[in-house]
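Enquirer: So that we are looking at the same thing, I have put the structure below in structure tokens.
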Amino acid sequence: MILIFGVSFCFQFLLRYGSVNSDYIMAFTIGLMPITILTCHVFIYKLIPSFLLENKLMQFVIWSITTLLGSAMLTIGFLMAVVAYLPNFRAEQLPPSTKNYPFLLAAMWIIVAATSFLSLWKQRQITQVENLNLEKLLAEKEVAMKNQELSLLKSQLHPHFLFNSLNTIYSLALTNAKETPETVLKLSDLLDYTLYQVNQPTVKLPKELHYIADYIALEKTRFDDSLKVTFNHQLDREDYLLAPMILMPFIENAFKHGKAMQHHQVIEITLIVANDTLKFNIRNSFEGQTEHSGIGLQNIQTRLNMLYPERHTLSIEQNDNIFDVNLHIKGLKPVEHV
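Here the sequence shown is numbered in the working numbering, starting from 444 and rising by one per residue.
The following block contains the structure:
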């Protein structure tokens, strides 16, 4: 309907110039309008989507020329076969513009070109909106899948941590150690943190450090003087946020190496946070061969890639019976910036 109105208005305006007979103007408008609309329809619904938008430029040019020549033949045929049979036809009363075939064809083709351009512009706008909606939908699905995968990885931490902790309690119970009740209470606190805080996307770094310190104290009850653990940490501010239990697999792995050692084991843990960057290092001695494997380390590598993409570096080395892990995480955010 908009196309019909636009074409009619254009022809009325073009043909009225220099005319004194409105009957001829109406006849020309009614006759040329279907030809122009048909030509526009071919361009909008066939040539543009089938050739131009598909980058088939040569075919688009060939079929465009064919279509325009066809519309020219129809226009000339209309002028010669229809207008001459109008009642009381007098050639001298024809509007000057109708006697100029090139002008009529050029006017019609300009209308076709303008209409096709507007249609192409509108189609591109619609396509852009559809692409934006599709990208938004894909992003939402990706976030949902990422959250599901993170939830699965976090759920794996629970049995992994519980397995290690129960081994500690079991070792104490076998010896009827007096530390058993206190250790069970400490384990209860650790499990409370593990079950509830780990479900949060981030926790304050001091909470995570307190958890690590409690875990170290729990693990040390399994060893006598054969184990020496140092845990040094320094923060330039107390409100940094960190993904919960992101460091624990490395610490658990260090204590796991100590089980097989027959001599003194040393574990050195250093954590420094300054200028929004976390630097974590853990070194432990071991005997025999060890592997960079296990649920914990595989889990942490996946979580780091998901939570801190292109913001972390992780290196794991073993030399001279020393297992050395270095982790750097950039761009830590304080509470007020979240």
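Cβ atoms here follow ideal geometry from the backbone N, Cα and C, with glycine treated the same way.
(1) Grouping DSSP H, G and I as helix and E and B as strand, with all else coil, what is Q643?
(2) When you compare only the Cα positions, how much space is there between P752 and Q744?
(3) Please go through the same chain and pick out, in chain order, the residues whose beta-carbon is closer than 6 Å to the beta-carbon of T558, but skip the five residues on each side of it.
(4) When the distance is taken between beta carbons, is S514 closer than 8 Å to I569?
(5) Around the C-beta of R746, are 16 or more other C-beta atoms found within 10 angstroms, so that it is buried, or is it exposed?
(6) Only counting the same chain, and skipping five residues up and downstream in sequence, which positions put a Cβ closer than 6 Å to that of E760?
(7) Let me know the secondary structure DSSP gives R746 once reduced to three states.
(8) Kindly indicate which residue of D682, D657 and H707 has the alpha-carbon position closest to the one of D668.
(9) Of the choices N769, E622 and R680, whose alpha-carbon is the least far from that of F666?
(10) Tell me the rounded alpha-carbon separation between P692 and F698.
(11) Could you have a look at I689 and say whether DSSP puts it in helix, strand or coil?
(12) Cα separation between K650 and E779?
(13) For H755, tell me which candidate among E497, N764 and F723 has the shortest Cα-Cα distance.
(14) Take G774 and list the residues in its own chain whose beta-carbon comes closer than 7 Å to its own, dropping the five residues that flank it on each side.
(15) Report the three-state DSSP secondary structure of H676 (helix, strand or coil).
(16) Between the alpha carbons of L512 and N574, how many angstroms are there, rounded?
(17) Using CA atoms only, rank isn't needed, just tell me which of Y488, N576 and L609 is closest to Q810.
(18) I'd like to know if the stretch 682 to 696 and the stretch 653 to 661 are in contact, where contact means that at least 3 CB-CB pairs between them fall below 8 Å.
(19) Can you tell me where the beta strand (DSSP E) with I402 in it begins and where it stops?
(20) In chain order, what residues of the same chain lie with their CB nearer than 7 Å to the CB of V709, ignoring the 5 residues before and after it?
(21) Closest by CA to V641, which one among L495, L685 and V627?
(22) Taking Cβ positions, are T518 and L490 nearer each other than 8 Å?
(23) Quick one: residues in its chain with C-beta nearer than 6 Å to the C-beta of L757, no 5 flanking neighbours on either side, listed in chain order?
(24) Indicate whether E711 and T673 have their beta-carbon atoms separated by less than 8 Å.
(25) Helix, strand or coil for N764, going by three-state DSSP, please let me know.
(26) If you count every other CB in all the chains shown that lies within 10 Å of the CB of K629, and 16 or more means buried, which is it?
Expert: The structure says:
(1) coil
(2) 11 Å
(3) C483
(4) no
(5) buried
(6) D767
(7) helix
(8) H707
(9) E622
(10) 10 Å
(11) coil
(12) 17 Å
(13) F723
(14) D719 and R754
(15) strand
(16) 36 Å
(17) It is not possible to answer for residue 810, since the shown part of the chain is limited to 444 through 781.
(18) yes
(19) With the chain covering only 444 through 781, there is no way to say anything about residue 402.
(20) K671, N727 and S728
(21) L685
(22) no
(23) L770
(24) yes
(25) coil
(26) buried
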